[in-house]
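Read through the structure below, which is laid out as structure tokens, and then see the notes.
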Amino acid sequence: MDHLRSMTRTLDYALDSGELGNLTATFRPRCSAVLRAVATAMGDIGRAAATVPNLLDAKIDEAAVGLDQVQQQERTTCEASPTVHALQGTLLTDAGRLLADLRSGRQNLART
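Position 44, counted from 1, in the sequence shown is what numbering that gives the first Met the number 0 calls 43; the numbers after and before it change by one each time, with no gaps.
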């Protein structure tokens, strides 16, 4: 969960510095959708009931596709300053690492 802490620190800093308000209007909803998909997968892992492996894999895959789309769109967008691009890149990197951790955790659960 280091990536979740990193994302929280990044958002906290961006909020305090005012950079959060500079995120592009197109980035915010797309990144939020990715984070909601990640949260849904995390919620499934944390449920008391058994997690259905194929359903969890599908949710992780859906979040990964969304992340890839946001990353592609941000690479081709020139509307933000270098500082904003750095913030967006940090958030997307942490989201990607969190997804990788979820996928790895899912695979480890399948082996036990």
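Heads up, the beta-carbon is just placed ideally off N, CA and C, and yes, glycines get one too.
Since the structure is predicted, the reported quantities are computational estimates derived from the model, not experimental observations.
Does the Cβ-Cβ distance between residue 24 and residue 62 come in under 9 Å?
Cβ atoms of residue 24 and residue 62: not closer than 9 Å.
Examine the Cβ distances between the stretch 1 to 17 and the stretch 59 to 77 and report whether three or more of them are shorter than 8 Å.
No, the stretch 1 to 17 is not in contact with the stretch 59 to 77.
Can you give the Cα-Cα distance for residue 60 and residue 66, rounded to whole angstroms?
About 10 Å.
Can residue 40 and residue 58 be called in contact, C-beta distance under 9 Å?
The answer is yes: Cβ separation under 9 Å.
For residue 127 and residue 5, what's the separation of their Cα atoms in angstroms?
The question about residue 127 has no answer here: the residues shown for the chain are numbered 0 through 111.
Only counting the same chain, and skipping five residues up and downstream in sequence, which positions put a Cβ closer than 7 Å to that of residue 90?
Counting only Cβ-Cβ distances below 7 Å, and skipping sequence neighbours, we find 6, 9, 30.
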